[in-house]
Amino acid sequence: MQPIHPLTRTPSESGPDLADAERRQQFEAIYRAAYEPLQRYLRRRTTFDDAEEALDDVLLVLWQKLPALGQNDYLPWCYGVARRTLANRRRSRQRRIRLLDRLTREPTPPEVHEEADLEDYPDLAGAFARLSEPDREILRLWAWEGLEAREIAIVLGTTANAVSLRLSKAKKKLGRLMGGQNPADAGHKGAKKNGEYPS
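To convert, take the position in the sequence shown, counting from 1, and add 1058; that gives the numbering used here.
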């Protein structure tokens, strides 16, 4: 039997939005009937981890759409949501791959907003790790979260102009590190001096 999903917690545990007992009962009934078929559907089409994440997304959409969803057409509707969820995840993965390909080929990172999986790109990961934490954070907000300068300014508590300057400098530093020598190579430009790497 499938586990009870976190969205099926009691109203006292989940706040006033779940106080409607009829909505909760409808969700639980659909959840129990649809969980295993959806899980099988997703696992046949993607990896185990992606299937579990996609299933969580489908159940969240299901909860948000209740009580408008009819009891009789829930399973085809859930399959449709699952199919679109997988398609969106594939598109995101392809955009990530294209971004990382561009980041590894260009001296200065391009102005795109995609999440980067650095584990697959050790050169990029190494260069990124050598940036200061403030530079890494501003690049994360820009590339991973897809935020614009004015939005990053709100997150960091500064101005959009200051963010634009810091972001430009961080991208240039990353570009230099991507095309430069490894600072651990003793006797070369950028080598460790007095126990510290140059900034």
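Glycine residues also receive a C-beta, built at the ideal position from the N, C-alpha and C atoms.
Rounding to the nearest angstrom, what Cα-Cα distance links residue i and residue j in this structure?
| i | j | result |
| --- | --- | --- |
| Pro1192 | Arg1160 | 23 Å |
| Glu1198 | Leu1100 | Sequence inspection shows Arg at residue 1198; the Glu mentioned does not correspond to that position. Roughly 30 Å separates the two Cα atoms. |
| Trp1200 | Glu1080 | 42 Å |
| Ser1150 | Asp1078 | 35 Å |
| Val1119 | Gly1237 | 44 Å |
| Arg1102 | Ala1092 | 16 Å |
| Pro1167 | Ala1126 | For Pro1167, the predicted model reports a pLDDT of 46, less than 50, meaning its position is unreliable and no value from the coordinates is stated. |
| Arg1153 | Trp1202 | 12 Å |
| Pro1134 | Asp1108 | 20 Å |
| Gly1215 | Gly1204 | 18 Å |
| Glu1172 | Val1213 | Residue placement at Glu1172 cannot be trusted, given a pLDDT of 37 that sits under 50; what the coordinates show is reported in the next sentence. Cα-Cα distance, rounded: 18 Å. |
| Phe1155 | Glu1094 | The sequence shown places Ile at residue 1155, rather than the Phe named in the question. Going from the Cα of Ile1155 to the Cα of Glu1094 covers about 32 Å. |
Assuming contact is defined by CB atoms lying nearer than 7 Å, are residue i and residue j in contact in what I supplied?
| i | j | result |
| --- | --- | --- |
| Leu1225 | Ile1196 | yes |
| Leu1124 | Gln1083 | no |
| Ala1218 | Ala1211 | yes |
| Arg1188 | Leu1235 | yes |
| Ile1088 | Tyr1137 | no |
Let's see if you can read the secondary structure: which residues bound the alpha helix (DSSP H) around residue i?
| i | result |
| --- | --- |
| Trp1121 | Phe1106 to Lys1123 |
| Tyr1179 | Neither: Tyr1179 is in no alpha helix (DSSP H) and is coded neither H nor E. |
| Leu1199 | Per DSSP, Leu1199 belongs to no alpha helix (DSSP H) and is neither H nor E. |
Is the region 1101 to 1115 in contact with the region 1140 to 1149, if contact means three or more CB pairs nearer than 8 Å?
yes
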